[in-house]
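What the sequence shown shows, in my numbering, is residues 5 to 188, in sequence order. By construction, the Cβ of each residue, glycine as well, lies at the ideal position given by its N, Cα and C atoms. Computed from a predicted structure; not experimentally measured.
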Amino acid sequence: MSRGPFVIRPATPADADGIAAVYAPFVESTHVTFEETAPSPAVIAERMGRLATPWYVAVDSDDSDAIVGYAYAAPYRPRPSYRWTIECSIYISERAQRQGLGRRFYERLLPVLAKLGYKTVTATTALPNPGSVALHESVGFQRCGLLPNAGYKLGRWCARLFLAKVIGDYCERPEEPTAWDGRA
């Protein structure tokens, strides 16, 4: 799938170095994530292997090794009754921001999650983050909660906005979500 200068494809553990490089500046210099120590590529690869959920990377169309962003889904909470709800995260390097890549990640990710049997997708964003809020609302997420002073990072208290989007039908006996095979 190529539109513009980037190609989105399923991620593999071999992409862990590039994913870690995209993520590190968010950890080290922003309140976007509440993680405080940038994970190593080995930790990223372990996370990818542990989660049977979709991970995608965006690469430069001129250099397929140059990862400029990534998106993934992870279980919302560990308790079993939450298994039809999944949380998405998207991180895009500064040079690739504001070029429609976040929307393209969701165009790729949301149909896959629906096909796997998930019913609700959640996302959280630290505030202020007008770009993230606008992206999520533009693809149909609705604000569903605000946790003021949710975390303390880089010398200040930060709120978290919770957003959700319905992607499946709710029924009395839902089928179990299935694991991602890494291909879609």
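- Look at isoleucine 94 here: in three-state DSSP terms it is strand.
- Taking the Cα positions, aspartate 185 is about 39 Å away from tryptophan 161.
- Proximity to serine 65 across Tyr110, Asn153, Ala100, Glu176 peaks at Ala100, based on C-alpha coordinates.
- In chain order, Pro181, Thr182, Trp184 place their CB closer than 7 Å to the CB of leucine 120, counting only its own chain and leaving out the 5 sequence neighbours on each side.
- Relative to the Cα of alanine 28, the nearest Cα in the group Pro43, His35, Asn153 belongs to Pro43.
- DSSP, read as helix, strand or coil, puts glycine 22 in helix.
- Between the C-alpha atoms of alanine 154 and alanine 130 there is a straight-line separation of about 9 Å.
- Residues of the same chain with their beta carbon placed closer than 6 Å to that of proline 115 are lacking, with the five preceding and five following residues left out of the count.
- According to DSSP, isoleucine 48 shares a beta bridge with no other residue.
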